[in-house]
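For the sequence shown, the positions run 81 to 361 when this note's numbering is used.
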Amino acid sequence: MNDRLDEPIVDPAVPEPYRRKIVVMPFLLYASSEPSARRRRFYTVGGAVTGVAGLFMAGMAIKLNSPFSASASFLAIVAGGFFVNAGRPGLAEQLRSRYGDCYVLPADLDDDTSDLVRRARQAIKSVSASRVNRLGLLDYMVNDVVLPERLWDIARLLRAQEALRAEQVEAMSEVMTPELAVVLAPQQEALSRSTAAVTDQVLEHEEYARRVQKAGAALQAHELLKSNDRYRDLLARTDDAQGLRNLTENVDALGITLAENLRDAISAGRTLTAPRNDAEV
């Protein structure tokens, strides 16, 4: 199984058009070959000057009725427009500028933290794709609003932990002194407690998915009862009284089981309240 996260996790507050760009084209957000801000200013100013010069040349061409000047002015205007356009920020820079803190890229996480995000996302996908959810038998607010917020909360916390963990590794590469140990010990404990809290949140998501799956199985069993009449006809033709009793005795129990499993799944989902701060680092 591939335990790596294969796409960015995006803050649910990001507008959908930009969210789609981030998810579909994450390569734009890595190291970019776009020109620097200084070079873009050069392009913009140079393009504007070239364009103005082209307009001046166009005026002179009209005044002098010169085909050569007209061609040169046209080329200058086109070149000016090209350089002005080249000086504008590209899509990658626009996304980073507007939403740089609103997504977590796979490269931001190591294998272990990436696996935690993947597990949480897989649990959410399992719930969303379940038949009991599609039939509207679960709490839609939990599934449509809370779960995406919790996934984002988990991803950003893990990214913060990753940065602090790197800081810890760098600090411990130095000569360990009593003063340094005094500082590092509580920081390491805080990081460990935060990591454990986020892991617990992932387990809660997986438990919710498990209960939804159990409710789905109960729903499927309950729906299969619709075929009982055909089986009952088969048994009636052979006067099999015991078979008829066996066929009908679990009908009520299955209905109760379905109701209990649905209540259990809904209850588990409602424990996943809006993102909590107890795992903050």
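All C-beta atoms, glycine included, are put in the ideal place defined by N, C-alpha and C.
**Q.** Sub-9 Å separation of Ile-346 and Asp-219 beta-carbons
**A.** By 1-based counting over the sequence shown, the position of residue 346 is 266. By 1-based counting over the sequence shown, the position of residue 219 is 139. Yes, these two residues count as a Cβ contact at 9 Å.
Q: Measure the Cβ-Cβ separation of Tyr-179 and Ile-89 and say whether it is below 9 Å.
A: For the purposes of this step, residue 179 is taken as residue 99 along the sequence shown, with counting starting at 1. For the purposes of this step, residue 89 is taken as residue 9 along the sequence shown, with counting starting at 1. Contact annotation: Tyr-179 and Ile-89 have beta-carbon atoms that are not nearer than 9 Å.
Q: Give me whichever residues DSSP pairs with Asp-89 in a beta bridge.
A: Here residue 89 corresponds to residue number 9 of the sequence shown, with the count starting at 1. It should be noted that the sequence gives Ile, not Asp, for residue 89. BP columns for Ile-89 point to Val-184.
Q: Determine the extent of the alpha helix (DSSP H) in which Lys-306 is found, giving its start and end residues.
A: Taking the sequence shown and counting its residues from 1, one reaches residue 306 at position 226. Taken as a continuous stretch (DSSP letters only), Lys-306 belongs to no alpha helix (DSSP H), as it is neither H nor E.
Q) For Ser-210, which residues from the same chain have a beta carbon less than 6 Å from its beta carbon, with the 5 sequence-adjacent residues on both sides left out? A) As a position in the sequence shown, residue 210 is number 130, starting the count at 1. Val-292 and Gly-296.
Q: Report all residues from its chain with a CB closer than 7 Å to the CB of Leu-238; omit the five preceding and five following residues, and keep chain order.
A: Mapped onto the sequence shown, residue 238 falls at position 158. The residues are Leu-189, Thr-193, Leu-196, Val-197 and Val-278.
Q | As assigned by DSSP and simplified to three states, the class of Met-256 | A | For this step, residue 256 is matched to residue 176 along the sequence shown. The answer is coil: DSSP assigns Met-256 none of H, G, I, E or B.
Q.
At 3 residues or longer, what runs of the beta strand (DSSP E) sit wholly inside the segment 197-265?
A. The segment 197-265 contains no whole beta strand (DSSP E) run of 3 or more residues.
Q: Using beta-carbon positions only, say whether Val-222 and Arg-350 come within less than 9 Å of one another.
A: Residue mapping note: residue 222 aligns to position 142 of the sequence shown, counting from 1. Residue mapping note: residue 350 aligns to position 270 of the sequence shown, counting from 1. Contact flag set, yes.
Q) Hey, Ala-200 and Ile-234: beta-carbon distance below 9 Å or not? A) By one-based count along the sequence shown, residue 200 stands at place 120. By one-based count along the sequence shown, residue 234 stands at place 154. Cβ atoms of Ala-200 and Ile-234: closer than 9 Å.
Q) Count the other CB atoms within 10 Å of the CB of Ile-102; is the residue buried (16 or more) or exposed (fewer)? A) Translated into positions along the sequence shown, residue 102 becomes position 22. Ile-102 comes out buried.
**Q.** Distance, Tyr-288 Cα to Glu-87 Cα
**A.** Residue numbering aside, residue 87 sits at position 7 when the sequence shown is read from its first letter. Residue numbering aside, residue 288 sits at position 208 when the sequence shown is read from its first letter. Taking the straight line joining both Cα atoms gives about 23 Å.
Q | Contacts around Lys-294, its chain only, beta-carbon distance under 8 Å, and the 5 residues preceding and following it disregarded | A | Mapped onto the sequence shown, residue 294 falls at position 214. Same-chain partners within the cutoff: Asn-341, Asp-344 and Ala-345.
Q.
Quick check on the burial criterion: 16 or more other C-beta atoms within 10 angstroms. Buried or exposed for Ser-274?
A. By 1-based counting over the sequence shown, the position of residue 274 is 194. Classification of Ser-274: buried, given that the 10 Å Cβ count is 16 or more.
Q: Might you give, ordered along the chain, the residues of its own chain that have their beta carbon closer than 6 Å to the beta carbon of Leu-227, omitting 5 neighbours on each side?
A: Indexing the sequence shown from 1 puts residue 227 at position 147. Ile-204.
Q | Thr-275, DSSP secondary structure in three states | A | Along the sequence shown, read from residue 1 onward, the residue named residue 275 stands at position 195. Reduced to three states, the DSSP call for Thr-275 is helix.
**Q.** Proximity winner among Glu-269, Leu-352 and Leu-304, relative to Leu-338 (alpha-carbon distances)
**A.** Taking the first residue of the sequence shown as 1, we reach residue 338 at position 258. It is Leu-304 whose Cα lies nearest to the Cα of Leu-338.
(Q) I'd like the list of long-range same chain contacts for Phe-148, defined as Cβ closer than 6 Å, with 5 residues on each side in sequence excluded. (A) Translated into the one-based positions of the sequence shown, residue 148 becomes position 68. A caution first: Phe-148 carries a pLDDT of 49, below 50, which makes its placement in the model too unreliable to give a value.
(Q) Can you give me the C-alpha to C-alpha distance between Leu-109 and Asp-91, rounded to a whole angstrom? (A) On the sequence shown, residue 109 is found 29 positions in, with the first residue counted as 1. On the sequence shown, residue 91 is found 11 positions in, with the first residue counted as 1. Their Cα atoms are separated by approximately 15 Å.
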